[in-house]
Each structure stands twice: as structure tokens, then as C-alpha cells.
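Colleague:
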Amino acid sequence: MPNRTSAKSAKAVKAAGKVAPARAGGGKKGNKPPLMQRIPWLTVGAVVVLVALVGALAASLLPKYQEQAALRERQEHVRQLRESLGQQFAPTEQNQDPSTQIQGVVKQEYPAGLHVDATQRVAYDKTPPFGGPHDASWANCMGTVYTKALREESAVHSLEHGAVWITYNPEKVDGDGVDTLNAWVDGEQYMLMSPHPDQEAPISLQSWGHQLAVNDAEDERIGQFVTALRLNSFEYPEVGADCATMGFDTENPPPYVSEAPGPDAVPMDGGGIQPDQGELGGAPGGLPSGLPGGIPAIPGMPGTLPQQQQAPLGAQPEPGAGQ
């Protein structure tokens, strides 16, 4: 007869045999081992590409935004300067040429309305020129900032319309200086700006019959010159003439020619060229000569101001339709 110890051992072995299959099966009936989760690589890749594109776009737009913000800040500074300079340097009946108060301004009388064709050169007496014979078509001067040097004969015609032309020697003016000058010109009607590689001064300002050379874009005389002579109807021939033109390619303007004009160049007195009478009829306020003072300006007529009354004497007219 087996003893109690042997019986207990047999029971223990039997119990262990029943438990072992349950452990081997992973526990309760129906349980399965967890499956490995799949990574959506296409989605991850798309997100990475999208983030990269957004980053690249931001990197390209940020400098432009900062540049525009800086330009707006400079233009606001210029606007404030214009207001402060207006009382002293704006032309009036009593002070028709305030530029006489500006140190360094050169003044010269030139005949007006002398046109050359696009194949001719003018033997200008100053560099850059600020008067004399010029192209029949003018350089767009509606606050235009040119990155290329202009044909001088085109720019001089813009001066005849009352514009101020700012030029700079790209070898002598850095990017910050150009940006500062830009604030005086960009978007301002009857203003234009371009590089001029052959001028001696770093910066030069031209209006019809007037010139000022300065060394620094921060020179206070720049604002004084612009205030005194831009659209000063006492000092330019073709009062009321427009600065906009459809026929002038601002992206690819007639090129500047650095070589000296040849012996066939048109002299400063025009060499017998007959003045264009249409350019000699401007009168203060945009009223062409020959019309009684009581007759209103006719829209579209050369020398008149469209859809507005004649401006008072010495005032600055808005664009007209002059030649």
C-alpha cells in the first residue's frame, strides 16, 4: 500500500501536467500575441516634403518682406522730410527758385523743344546732362527706378516735363546708398533714377537747367533739391506734360552709350534744329499759350491737365498729356 508521501507526489506531478499546456498556450483560450504596427511611410514622406516646401517658401519670402518693410520705413522718413522741407524749399510766386538757397547747385539756361531721332547723339556739355536737345520720346518718370543706365537723350526729355532725375555711380555707391535714394523715387510721380557709370560724383541730381552733385545718399540737400525743383513750373519748359508713356520699355530702356559722341553729334544749340512748338506752349498751371485764361484745359490736349482745373501759379500739376 503506498504511503501518504508517494500519493502527494503523484498528485503534484498530475497537477503540473495540467498547468503546463495552459502556460504553453499563452493563457486564456482565444488570446493571440500582439501584431507589429505598420508605419505609413507614404504619409510620413508627404508630411516631410510639405514641411520642406513651407520652409523653402518662407526662406524665399522673408528677405523680400524685410526689404519691402525697410523700403516703407525709408519712404515714411522721406515723407516726413518732404513735409518739413516744404515751408522753406517749396516754390512760390515770391521765391520761384528755392534751389538758389542750396549750396552746390549748378544752374544753366538751355533751349527747349529741340528733338533728335533715336539714331542721333547729342554732344552734351555736362555729365549727366540736364538740358539741351533730346529724344522726341521721354523716359518714363512715374517714380521709375531703373537698374540699367539710360540713354541720356531720353532722360533729358523727362527733365523738360518737370521731373527730377537721380543718378549714381555704381562703383561709388553701395547697396544701402542705392536703397536710400530709392526711397525718394519709387512710386513718386515726376521722379526717375538710374545708374550712370561715367559721372564723377557718387550721386547727382538733375532737373531742367539745374544739377547738384553729392557724395552721400543721406545728404540733406537731396531732399531740398527735390522739393525745390520737382514740378517747379517756374523752372522747366513744358508745364503740364505727362511723365507716363506707353512707348518706353522700362525693363529694357534705350541703352546708355559710354563712348564720346562723334563729329556728327548734335551740338547743344541744336545745330539748326527747329524747336517743336508744341513743347514751347506750356504755361504755369498747365494752360497752353494762345488760350485765354478763362478757357478751361481740354483733356488730352498737350500741356493741359486732364479732368481738373488749372493749378495755381507755381503749383505742382498732376500728370497731363504733353509731348
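Under my numbering, think of the first position of the sequence shown as 382, with each following residue one higher.
Glycine included, each C-beta is placed from N, C-alpha and C at the ideal position.
All figures in this text were calculated on a predicted structure; none of them were measured in a lab.
Thinking just about the alpha-carbon of each residue, which of GLU541, GLY558, PRO514 is nearest to the one in ASP600?
Modeller: The shortest C-alpha separation from ASP600 is found at GLY558.
Colleague: On the CB-based measure, 16 or more other CB atoms within 10 Å of its CB, does GLY666 come out buried or exposed?
Modeller: The pLDDT assigned to GLY666 is 37, lower than 50, so where the model puts this residue is not dependable, and the model offers no usable value.
Colleague: Output yes or no for whether 8 Å exceeds the beta carbon distance between ALA609 and PRO472.
Modeller: For ALA609 and PRO472, yes; Cβs fall inside 8 Å.
Colleague: Could you tell me which residues DSSP puts in a beta bridge with VAL497?
Modeller: According to DSSP, VAL497 bridges with ASP516.
Colleague: Which residues in the same chain have their Cβ closer than 6 Å to the Cβ of ASP567, if we skip the five residues on either side of it in sequence?
Modeller: Only GLY524, VAL526 meet the Cβ criterion.
Colleague: May I ask you to report which of helix, strand or coil DSSP gives ALA504?
Modeller: Coil.
Colleague: Which same chain residues, not among the five before or five after SER585, have their C-beta less than 8 Å away from its C-beta?
Modeller: These residues qualify, in order along the chain: PRO509, ILE547, THR548, TYR549, HIS577, GLN592, LEU593, ALA594, VAL595.
Colleague: Which stretch, first to last residue, makes up the alpha helix (DSSP H) that contains ALA609?
Modeller: Counting along the chain, the alpha helix (DSSP H) containing ALA609 begins and ends at 601 to 610.
Colleague: Between the Cα of VAL607 and the Cα atoms of LEU531, GLU490, ALA564, ALA520, which residue gives the shortest distance?
Modeller: That would be ALA564, whose Cα lies nearest to the Cα of VAL607.
Colleague: Distance, Cα to Cα, PHE629 vs PRO514?
Modeller: About 18 Å.
Colleague: Below 6 Å CB to CB, which residues in the same chain sit around MET572 once its five sequence neighbours on both sides are set aside?
Modeller: So the qualifying residues of the chain are GLY524, VAL545, VAL566.
Colleague: With C-beta atoms as the reference, is GLU640 less than 8 Å away from ALA493?
Modeller: Contact: no.
Colleague: For ARG611 and GLY543, what's the separation of their Cα atoms in angstroms?
Modeller: Their backbone Cα atoms lie some 6 Å apart in a straight line.
Colleague: On the three-state DSSP scale, how would you describe PRO510?
Modeller: Three-state DSSP puts PRO510 in coil, outside helix and strand.
Colleague: Which residue comes first and which comes last in the alpha helix (DSSP H) that contains ALA536?
Modeller: Element bounds for ALA536: 533 to 541.
Colleague: For ALA325 versus ALA646, is the C-beta spacing smaller than 8 Å?
Modeller: In the structure as shown, the chain begins at 382 and stops at 704. Residue 325 is therefore absent and cannot be evaluated.
Colleague: For ALA439, does the count of other Cβ atoms within 10 angstroms reach 16, so buried, or fall short, so exposed?
Modeller: ALA439 is exposed by the Cβ-count criterion.
Colleague: With burial defined as no fewer than 16 other Cβ atoms inside 10 Å of the residue's Cβ, what is the status of LEU434: buried or exposed?
Modeller: Classification for LEU434: exposed.
Colleague: In the DSSP assignment, find the beta strand (DSSP E) that holds THR548 and state where it starts and stops.
Modeller: Per DSSP, THR548 belongs to the beta strand (DSSP E) from 545 to 549.
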